[in-house]
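Heads up: the sequence lines are chains A and B, in that order.
Using the working numbering, read the first sequence as starting at 1 and increasing by one per residue.
Using the working numbering, read the second sequence as starting at 1 and increasing by one per residue.
Note that beta-carbon positions come from the ideal geometry of N, C-alpha and C, so glycine has one too.
Everything below concerns the one structure shown next.
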Amino acid sequence: MSTKTFRARIRKSLADQNLQLSLDGNATRRRIGRLEAFSTVPDLQERRMRAHAIKADVVAHLEEYLRRFITQVTRNGIRVHRAADEKEAIHIFLEIAREHDARLVAKSKSMVSEEINFDHALEPAGLQVVETDLGEYIVQLRGERPSHIITPAVHLTRAQVGQLFHEKLGTPYTEDILEMVATARRVLRQVFLTADIGVSGVNFGVADTGTLCLVTNEGNGRMVTTLPPVHVALMGIERIIPTLDDLALFLSLLPRSATGQKLSAYTSLIHSPKRFEDVDGPQERHLIMVDNGRSVMRNSPLAESLYCIRCGACLNACPVFRSIGGHAYIGQDGSIAPYPGPIGAVVSPALFGCENFGQLAQASSLCGACQEACPVNINLPDLLLRVRAGENKNNKKQAEGVAVPAFLNLGLKAFRLAASTPFFFSTGQRLGGLLSRIYSPFKKYFPLPAWTGWGYSKDFPRLEISPFRARWNRIKQEVNPENLSIHPTENPGESASTLPPSLVTRFTDELSALGVKVYRLPEKKVKASLAKLLRERGIERVAVDDIGEKYVTSFKSVGVPDSTILAGVTGALMGIAESGSFVLIGGEAHPLSASLLPDIHIAILRETDLVPTLAEALARPEIRAASSAVIITGPSRTGDIEMTLSIGVHGPKEVHVFLIEDLE
Amino acid sequence: MPKSVTVQLFVTCLIDTFFPEVGEAIVHVLNRAGVRVEFPAAQTCCGQPAFNAGLRSQARPLAEHTIQVFEKTAGDIIIPSGSCAAMFRSGYLELFKNDPHWLQRAQTLAGRVQEFTEYLVDVRGVLDLGSRWPGKLTYHPSCHLLRSLGVDRQPSLLLSCVKEAEVIELPERADCCGFGGVFSLEHPELSAEFLKRKIANLDKTASPTLVVCDAGCLMHIQGGLKRQRKDQQVVHIAQVLDSQ
């Protein structure tokens, strides 16, 4: 029987010691990381409610938002395609690939691509798809599906990855994570540089501006959207938000919820393909908007699950996920659900059929930890209950409780009969009390056989021969005439007497926390200081943009840097104090690859260009006007192997900021 | 003299059937807080087990019965269980969402519902009931109480006023114990895993007593302790507040 398969998978996961260690590590670190990251957001609850309201509005008026979004994206020069289902999406992609005679596809993480079986569907057409997110790359080499939305290889230990690289890539076996990361960097760099098409997902599409926002840490998202001549973005149609201001709100929630970061290392904001004056960027950008059941689901009792921003926080909070991992979420047919965890237990049956995946919703104690962790406050317990009750995307009510085992179904019906009148109920109580007294004459708790479910891990209490209702009339009430009332003292609010730190202090503190070296100096000293840094590193050739060019005295290269160039020196449009980020825009004399391909990136900006918050940064017209912009927050990083932070996966390993002092 | 107050007790089927002594403690504590208790004898079960299993057609008659029984009474309805109180407050609204007639009745009823500790602290303004419990205590916040009702401050405040009690924080306190109603029967392996973690965390506190506000967690964790032949006692908060 099918549920047995699911239960068998659960047992297998529970018995796997490696997996249990990995999952415990994931739960503990991610939960703490999330709490710490939100400790600086006092209005978190208001933000969650606002985010919820925005997504509710978008999902309720999706067609209208889609029209606005698609109009803007098209106006920006990106070709938009709409795919009703998996087949259409693949077909559209193959057409694009054929047009460009493509062979090699470099792909960054996209959940919707998992949903449409993208990688496998392209194989027969002779296309090689290489996953470039480290975790995705690892599971692709193993021929597996990701086991977590954010950390695809969370189920593996470093030894397993070391062995995998040894077998598949021929490198010597190692358990040194940094060495494995270096191997992946080397191998995948070639893929980025030679791929015919770069494929990415989209975290948010902004309806007002047509912005495609992509959030990554390793830098592979930037690579695949910057280097190959063609970029194809895959996006679920529900991933729209109305404005850039809303984007600032969602970006304050997503990375904190996903990885405990104030912002991810790279937040790309893409508007158009390479323009005539741009130094780099793809000649063509396409956006494939995938429906795959969403428009139908939008009008169903499960619509709220479309508010999901795929942060994975519910997985990290969920005690079920912590116990079994993503690969145990399987359908009746044994196939692994594309979306695991609490959100997966709703979305998978909602999109791909309750018949197959409805059983996932049964595996929940309805503890609500998922909703509590959800940055969009999705009422996951209620949605799980709706799946259980047979509500689905077609609004055609199925039989309720289909996945409930027969003995439970029967038991609950018997209980319903007994509880339908007080007489039956108290008769049942007394009968049960008598029987359990005979079964266990001396002890309140007695063992039950394992097959009952309860008896698997605990004893059961005797029913009382004299239940509360029988005792009621014997209870003597002596109501205290005294007034015990004391009004509970409210916690006195923290007195906010300390002055907020200055923008510069905040910015430099945040940068230091990210491991970025900051040099605060007057403008006239920048040249010498920069020359000293490059000399110390033995670097003779650097990539520059127009700002960098003014300050670098050694060999300079403007354009896409080659592999001999070890450092990039660029200006920055502005710095964001709250997260220690800085913003780069592409365009004339602004190669975005100069801050991406070299091992070291040096950014030069002025104190006067600091803004306090992301929202203020996103309001600047230069961002909107650029073909492409990126918000950089620290060096390239990953936690994909054993959740261990490793720096310098695909992008720069070192970031330096020269902050030019403001003259009084 | 404060005017006397009368409340209706929905004792819950678990306390009624398995732990009537908890029900008695609840009445005593409410009396001590200056409240007279009435017990509508026709009450049975709120329908939560079937509702949570997805069997809404089975849950509905019990919900309707419960609404009818309490509609005939007046005053606050006190529920000594986070999950049953949540069933009244939000479960019924979901259950009757497509039936305006019953939905309205359910909403009216939901407005009268108070969880036991919530009522004592927020409505009665009582913190110190003159209770005494020599020794260590640790508190497990039940899932629905904590997350659906948002009640956490109240039981903590009440326990902090218990004389001679040393309240110790339970590690990973807010993690589910694995009861989840029918979940514990349908997915015994998962339920066992949660329970194992909960008991391991309880062991870390070295507290002989675990306090809960829900008889579901009580019978689940106590049942696990008995199976593991451990000595810790799980008690309902009313039993602590009733002891002098």
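| Asked | Found |
| --- | --- |
| Sequence-distant residues of the same chain with beta carbon closer than 7 Å to A:Gly210, five excluded per side | Phe69, Gln72, Val73, Arg75, Asn76, His271 |
| Cβ pair A:Leu686, A:Leu302 closer than 7 Å | An answer regarding residue 686 of chain A cannot be provided, because it is not within the stretch 1 to 664 covered by chain A. |
| Any chain B beta carbon closer than 7 Å to A:Tyr339 | no |
| Enclosing beta strand (DSSP E) for A:Ser675 [first to last residue] | Since the displayed chain A opens at 1 and closes at 664, residue 675 of chain A lies outside it and no answer follows. |
| 8 Å Cβ shell around A:Leu448 - same chain, five flanking residues per side excluded | Trp454, Gly455, Asp459, Phe460 |
| Residue(s) in a DSSP beta bridge with A:Tyr65 | Note: A:Tyr65 sits in no beta bridge, so no partner. |
| Whole-number beta carbon distance between A:Thr174 and A:Gly162, since they are thought to touch under 8 Å | 5 Å |
| Runs of alpha helix (DSSP H) lying entirely within the segment 243–325 of chain A, each at least 4 residues, in chain order | 244–259, 294–298, 313–317, 319–324 |
| Buried or exposed by the 16-neighbour rule on C-beta atoms within 10 Å, applied to B:Leu158 | buried |
| Chain A within 7 Å of B:Phe10, Cβ atoms only | no |
| Short CB-CB distance (under 7 Å) between A:Trp472 and chain B | yes |
| Cβ-heavy atom distance, A:Cys318 to the ligand SAH, below 6 Å | Ligands are entirely absent from the displayed structure, and the ligand SAH is therefore not among its contents. |
| DSSP state of B:Glu164 mapped onto helix, strand, coil | strand |
| Burial state of A:Ser365 (16 or more Cβ within 10 Å) | buried |
| Endpoints, the alpha helix (DSSP H) within which B:Glu94 is located | 92–95 |
| Min CB distance B:Asn31 to chain A below 7 Å | yes |
| Beta-ladder partner(s) of A:Phe658, from DSSP | A:Tyr519, A:Ile604 |
| Complete runs of the alpha helix (DSSP H) confined to the segment 150–234 of chain B [at least 4 residues] | 153–160, 183–186, 188–205, 215–227 |
| Closest Cα partner of A:Met235 within the set A:Ala83, A:Ser147, A:Leu193 | A:Ala83 |
| Bridge-paired residues (DSSP) for A:Gly571 | A:Ile604 |
| A:Lys262 versus B:His28: straight-line alpha-carbon distance, rounded | 51 Å |
| Beta carbon of B:Pro61 nearer than 7 Å to that of A:Ser420 | yes |
| For A:Asp208 and B:Phe10, the rounded distance between their alpha carbons | 53 Å |
| 7 Å Cβ cut-off: residues of chain A touching B:Ser57 | Glu400 |
| From A:Pro375, A:Val129, A:Arg474, residue whose alpha carbon lies closest to that of B:Glu21 | A:Arg474 |
| Continuous alpha helix (DSSP H) stretch holding A:Tyr137: start and end | 134–142 |
| C-beta atoms of B:Pro134 and B:Glu169 nearer than 7 Å | no |
| Proximity test, Cβ basis, 7 Å: A:Arg469 and chain B | yes |
| A:Ser377 classed as buried or exposed, judged by whether at least 16 other C-beta atoms fall within 10 angstroms | Sequence inspection shows Asn at residue 377 of chain A; the Ser mentioned does not correspond to that position. With 16 or more Cβ atoms within 10 Å of its Cβ, A:Asn377 is classed as buried. |
| Same chain, Cβ closer than 6 Å to A:Val156, neighbours up to 5 away in sequence not counted | A small correction: the amino acid at residue 156 of chain A is Leu; Val does not occupy that position in the sequence shown. Nothing meets the Cβ criterion. |
| Contacts of A:Ile10 in chain B (Cβ-Cβ under 8 Å) | His187, Glu189, Leu190 |
| Alpha-carbon spacing of B:Asp248 relative to B:Cys143, whole angstroms | Nothing in the structure corresponds to residue 248 of chain B, since chain B is present only between 1 and 244. |
| Sequence-distant residues of its chain with Cβ nearer than 8 Å to A:Lys653 (five each side left out) | Asp599, Ile600, Pro635, Ser636, Ile647 |
| Limits of the unbroken beta strand (DSSP E) element including A:Ile336 | Here A:Ile336 belongs to no beta strand (DSSP E), and DSSP marks it neither H nor E. |
| Beta-carbon gap between A:Glu588 and A:Glu284 smaller than 7 Å | no |
| Rounded straight-line distance, which links the Cα of A:Gly568 to that of A:Lys274 | 20 Å |
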